[in-house]
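**Student:** Got a structure for you, questions after.
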Amino acid sequence: AAVFPERRKDEFGAISRALREMNDSLADAERTRKQLMSDVAHELKTPLMIIQGELELAHETGAPLPADKQASILDEVLRLSRLVHEVLDLSKLEAGMTELRPRTENLVALLEDLTEKIRFMVEDKQIDLSLHAQEEVIPVSVEKARILQALYNILTNAGYYTNPGGRIRLLVETAYLPDRHQSYARIRVEDSGAGIAQEDLPHIFDRFYRADHSRARPSGGTGLGLAIARQNILAHGGWIDVQSVVGEGSVFIVYLPMGRMER
Ligand code: ADP
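Residue numbers (the UniProt record's numbering): 186 to 448.
This is the structure we're talking about:
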């Protein structure tokens with residue numbers, strides 16, 4: 186009978202520890218939510234100001250909007266709508282509210298399609314884009330659209346931040362990771378682009394983080410591309426890494442757990 190109160194004390198200790206941890210993680214979630222609100226508000230402000238300014242001017246002067254102003258307003262509206270769409274998608278992913286519908290796909294075939302899709306973008310800049318696969322078939326269990334989106338974001342960044350005449354190499358292979366007791370597909374996206382400063386590297390997967398403001402995309406980019414890519418990859422049980430040297434280029438490395446090819 187003497188052991189009983191002791192055990193009880195242990196249980197109380199464990200329960201109060203668990204409650205404290207729950208409280209801490211709720212406080213964390215609340216901080217993240219507040220930060221997201223203020224980040225989003227900040228990002229919405231500039232395009233809204235531009236649109237408001239142009240329309241007010243047109244309204245006051247009564248002059249019709251010239252075609253170039255119409256085009257720039259439309260650009261800002263499209264940017265706003267992309268931003269809203271991406272913020273919603275990202276917050277659902279972060280909250281674990283996105284239900285994946287994975288199927289077995291051949292990663293090599295997905296990458297072949299993807300390189301064809303962005304070929305027009307790199308051809309304009311005469312970038313040499315190549316794909317090297319260790320095997321013809323590398324099965325992964327993924328929701329195709331989500332993984333394509335993640336890789337598309339990484340590849341278009343490589344295309345964007347690489348100078349004309351540069352090089353982008355995509356390598357895909359399989360690797361058994363003993364500490365995880367599992368085989369992974371490993372995708373490397375290597376570019377000969379601008380590179381990323383060491384102090385920026387830990388932050389580039391953060392939402393709205395842009396390493397060099399003067400170089401960051403003038404329009405189009407929302408600063409959410411890598412955050413979305415990372416969350417999509419994490420949702421699939423994988424992860425993403427980056428290595429970079431300023432002036433030499435960057436390497437993004439994506440790991441995805443291997444699936445089995447049915448048939
Ligand atoms: P953005 O919409 O600005 O491209 P991302 O989330 O896709 O947002 O990328 C975040 C930042 O990481 C970029 O603004 C850029 O500074 C840096 N970055 C991403 N990919 C590369 C790359 N391949 N080479 C150099 N810098 C990169």
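The C-beta atom is built at its ideal place from N, Cα and C for all residues, glycine as well.
Could you check whether the region 275–286 touches the region 428–439, counting it as contact only if at least three pairs of C-beta atoms, one from each stretch, sit closer than 8 Å?
**Tutor:** The region 275–286 vs the region 428–439: no contact.
**Student:** For Ala280, which option in Pro442, Glu433, Ala420, Thr289 has the closest C-alpha, if you only look at C-alpha atoms?
**Tutor:** Looking at the Cα atoms, Ala420 is the closest of the given residues.
**Student:** Give me whichever residues DSSP pairs with Phe437 in a beta bridge.
**Tutor:** Val374, Val427.
**Student:** From the DSSP output, which residues share a beta bridge with Ser315?
**Tutor:** Partner(s): Arg354.
**Student:** How many Å lie between Lys230 and Gly344 at the Cα?
**Tutor:** Cα to Cα, the separation comes out at about 28 Å.
**Student:** Is the region 210–226 close to the region 244–262, with three or more CB pairs under 8 Å?
**Tutor:** With the cut-off at 8 Å, the region 210–226 and the region 244–262 do not touch.
**Student:** Do Ala243 and Leu250 have their CB atoms nearer than 7 Å?
**Tutor:** Going by C-beta atoms, Ala243 is nearer than 7 Å to Leu250.
**Student:** Under the three-state reduction of DSSP, which class applies to Asn417: helix, strand or coil?
**Tutor:** The answer is helix: DSSP assigns Asn417 an H, G or I state.
**Student:** Return the first residue and the last residue of the beta strand (DSSP E) that Glu290 is part of.
**Tutor:** Element bounds for Glu290: 288–291.
**Student:** For Ala370 versus Asp385, is the C-beta spacing smaller than 7 Å?
**Tutor:** Not closer than 7 Å, so no.
**Student:** Can you give me the Cβ contacts of His388 inside the same chain, cut-off strictly under 7 Å, excluding the 5 residues immediately before and after it?
**Tutor:** Excluding sequence neighbours, His388 sits near Tyr394.
**Student:** Ends of the beta strand (DSSP E) at Val325?
**Tutor:** Counting along the chain, the beta strand (DSSP E) containing Val325 begins and ends at 324–327.
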